[in-house]
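Note sheet for the following structure.
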Amino acid sequence: MIEVQNLYKKFGDQTVLDGVSMLISPGKTHVILGRSGCGKSVLLKHLVGLLQPDSGKVLIDGEDISKLPERRLGPIRKKIGILFQSGALFDSMSVAENIAFPLRESGVRDAELIRGKVAEALEMVDLSGEEEKMPENLSGGMRKRVGLARTIVSRPSCILYDEPTTGLDPIATDSINHLIRRLQKRLQATSVVVTHDMKTAFHTADRIGFMHEGRLYFEGTPKELHESTDPILKNFIEGHSGESA
Amino acid sequence: MNFALFNALGNGTLGLMRYLGELAFLVRDTAESIWVAPLRWRLLLRQIAEVGFRSQLVVIVTGAFTGAVFSAQTYFQFHRLGMDSAVGAVVAVSMFRELGPVLTALMLSGRVGASIAAEIGTMKVTEQIEALRALGVHPIDYLIVPRVLALIISGPLLAAECIGLGIGAGYIVATKVLGISEAYYMTNMLKFTTERDLKMAMIKGTCFAILIGFIACAEGLKTSQGAVGVGRAPTQAVVIASLVILISNFFLSFALNIFFPAGTY
């Protein structure tokens, strides 16, 4: 279980997180929605200790990770996988080496076992047979899939997705949305998806949080969000900027 | 007017302090990593190949041609005074004490320092360093320690290679081209060159390698602003490392001369 308590974060003079609290239940998919720059990705990076808050707590299975030194975060990070917006593949390594990286770092040395797990992870993201390709030869959608394969190969109990469909065409977006849902069912992992894509949100979410001006403005089910009459939520859902002409 | 001057001076001092602080933290984290984390031998060997083996051409050319031209210039001056046989001693002592370590370090800062800063900088802006951290791998263990150690191992060896080639090339030019007696050349060179000169060269080579390693890694790690930042990181690394090498060489020469005095044998 992940619990965020009263999180504050400033970069220079800009307050990015302004007292965010939320509870992420195990085995469910939580979507965090919001406009670009509202602090969604910053919140996500706090969940895995990539950023430290100015104040507040992030509890992972009851342990506060917000002030832990980098070296003590290693074991916690092995329980939580994150898919970065760009995929963040290691560009000096092939697809297979990228996916095998977390296994090798965990001390797995059996080449046959690693090969099998890499093939299985690639099969889960529908990229079987692409082991030898280099990241530079992959499309944006394929990079995200390989990034996801690297994230799930060590079977984390929680998967964080940072804008998983940004920059993808509608078909690739739909494919990633199905993949997130399918992986959640197959791995029974808790998922947190940060996005501003409404289709992704409604397709994948069990619960949705909406961030506005550094705060968690709304939290509820997709149905509750859809039926909301709040003007800020309605404008976001319908894509109205409020400008005329 | 005065206020603007003080403001500029203050900002400059603060910037320098901030930079030195960042560098000090990097040194502390690297020392901690060497102490507590297991060494990644494969990465270290790969980096030694990258730093040491792939720098051969620049070190060979730099050492050989510097020794050759230094020998010729020394001869042109000394010949008028009838001191031809002293050329070998001047070339050897200069190569050991100054030219070998400094020129090797300048070449390494250009070839290796720039490459380290660009590589780490690219990894920084493409979220690869965050990906490492997210996968439970400390970037200092994985990226910095192998590069700094590879430089510490390769730096003095490359300096020794540069010195050897410089002295060899100087010998060939002096004895085969300029006609200095081989016996006098060798006798004077061996008489005036001592073990202290070699020690000084190795200490300087190691110090410069450490400086290049940390400056290049620090520039890579603080890269931001995408392609512009990645373009700026290697330039900054080379400029800062070169200046620091030249300035620190002055102070190192004086300090080391206390322990390894020149001219006494």
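From first to last, the protein sequence lines are chains A and B. Converting from the first sequence to our numbering requires adding 688 to each position, the first position being numbered 1. Converting from the second sequence to our numbering requires adding 41 to each position, the first position being numbered 1. In this text, a Cβ means the ideal position worked out from N, Cα and C, and glycines have one as well.
Supposed close pair residue i, residue j - CB separation, criterion 8 Å
| i | j | result |
| --- | --- | --- |
| A303/B | G211/B | Not quite, the Cβ-Cβ distance comes to about 18 Å (not below 8 Å), so this is no contact. |
| I248/B | V189/B | Residue 248/B is actually Cys in this sequence, not Ile. About 13 Å separates the two Cβ atoms, so there is no contact after all. |
| T646/A | V719/A | The first residue shown for chain A is 689 and the last is 933, placing residue 646/A beyond what the model contains. |
| M164/B | I157/B | The pair is not a contact, with the Cβ atoms about 11 Å apart (cut-off 8 Å). |
| V214/B | S112/B | 5 Å |
| T878/A | K716/A | 6 Å |
| I712/A | L771/A | Not quite, the Cβ-Cβ distance comes to about 16 Å (not below 8 Å), so this is no contact. |
| P790/A | S842/A | 4 Å |
Top-ranked residue by Cα proximity to residue i, from the options
| i | options | result |
| --- | --- | --- |
| D182/B | Q872/A, R870/A, E793/A, H900/A | E793/A |
| Y225/B | G123/B, V279/B, A78/B | G123/B |
| G902/A | S863/A, V704/A, E926/A, G828/A | V704/A |
| H120/B | S222/B, A45/B, G104/B | S222/B |
| S283/B | I299/B, L252/B, G272/B | L252/B |
| H928/A | R723/A, D798/A, S774/A | R723/A |
| V100/B | W76/B, M148/B, A274/B | M148/B |
| T107/B | L287/B, E73/B, I204/B | I204/B |
| I286/B | G56/B, G246/B, R237/B, N48/B | G246/B |
| Q876/A | H866/A, K697/A, S845/A | S845/A |
| L721/A | D850/A, H866/A, K873/A | D850/A |
| F859/A | V746/A, R760/A, L801/A, K887/A | Contrary to the premise, residue 859/A reads as Ile rather than Phe in this sequence. When only C-alpha atoms are compared, the closest one is K887/A. |
| R237/B | F301/B, H179/B, L206/B | F301/B |
Through-space distance from residue j to residue i, alpha-carbon basis
| i | j | result |
| --- | --- | --- |
| M781/A | L86/B | 17 Å |
| R838/A | T167/B | 16 Å |
| T71/B | F255/B | 9 Å |
| V834/A | D814/A | 10 Å |
| A133/B | G141/B | 10 Å |
| C726/A | L739/A | 16 Å |
| L67/B | P275/B | 18 Å |
| P823/A | Q773/A | 15 Å |
| R174/B | I748/A | 17 Å |
| Q288/B | D742/A | Here residue 288/B is Ile; the residue named in the question, Gln, does not match the sequence. Between I288/B and D742/A, the C-alpha separation is close to 40 Å. |
| R907/A | F699/A | Looking at the sequence shown, residue 907/A is not Arg but Glu. Each residue's alpha carbon lies about 25 Å from the other. |
| T145/B | Q88/B | 17 Å |
| V271/B | E160/B | 9 Å |
For residue i, the three-state DSSP class (helix, strand or coil)
| i | result |
| --- | --- |
| D857/A | coil |
| F234/B | Strictly speaking, residue 234/B in this sequence is Thr, with Phe absent from that position. The answer is coil: DSSP assigns T234/B none of H, G, I, E or B. |
| G897/A | strand |
| R903/A | strand |
| E691/A | strand |
| C726/A | coil |
| L951/A | What is shown of chain A runs 689 to 933, which leaves residue 951/A out entirely. |
| M822/A | coil |
| E751/A | strand |
| F119/B | helix |
| Q114/B | helix |
Check: If you measure beta-carbon to beta-carbon, which residues of the stretch 161-181 of chain B are closer than 7 Å to chain A?
Finding: Taking 7 Å as the Cβ-Cβ cut-off against chain A, the residues of the stretch 161-181 of chain B that qualify are T167, E168, Q169, E171, A172, R174, A175, L176, G177, V178, H179.
Note to self: At a CB distance below 9 Å, what residues from the stretch 698-716 of chain A approach chain B? Give them in sequence order.
What the structure shows: none
Notebook entry, point to check: What residues from the stretch 755-780 of chain A come within 9 Å of chain B, judged by C-beta to C-beta, listed N to C?
Noted result: E758, R759, L761, G762, P763, I764, R765, K766, I768, G769, I770, F772, Q773, S774, G775, A776, L777, F778, D779, S780
Check: Listed from N- to C-terminal order along the chain, which residues in the stretch 803-830 of chain A have their beta-carbon within a distance smaller than 7 Å of any beta-carbon of chain B?
Finding: Taking 7 Å as the upper bound on Cβ-Cβ separation, chain B lies near no residue of the stretch 803-830 of chain A.
Notebook entry, point to check: Name the residues in the stretch 879-900 of chain A whose C-beta lies less than 8 Å from a C-beta of chain B; which are they?
Noted result: none
Note to self: Output needed in chain order: residues of the stretch 732-754 of chain A with a Cβ under 7 Å from some Cβ in chain B.
What the structure shows: V736, L738
Margin query: Residues of the stretch 790-801 of chain A in Cβ contact with chain B at a cutoff of 9 Å, in chain order, please.
Written below: Result list: P790, E793, S794.
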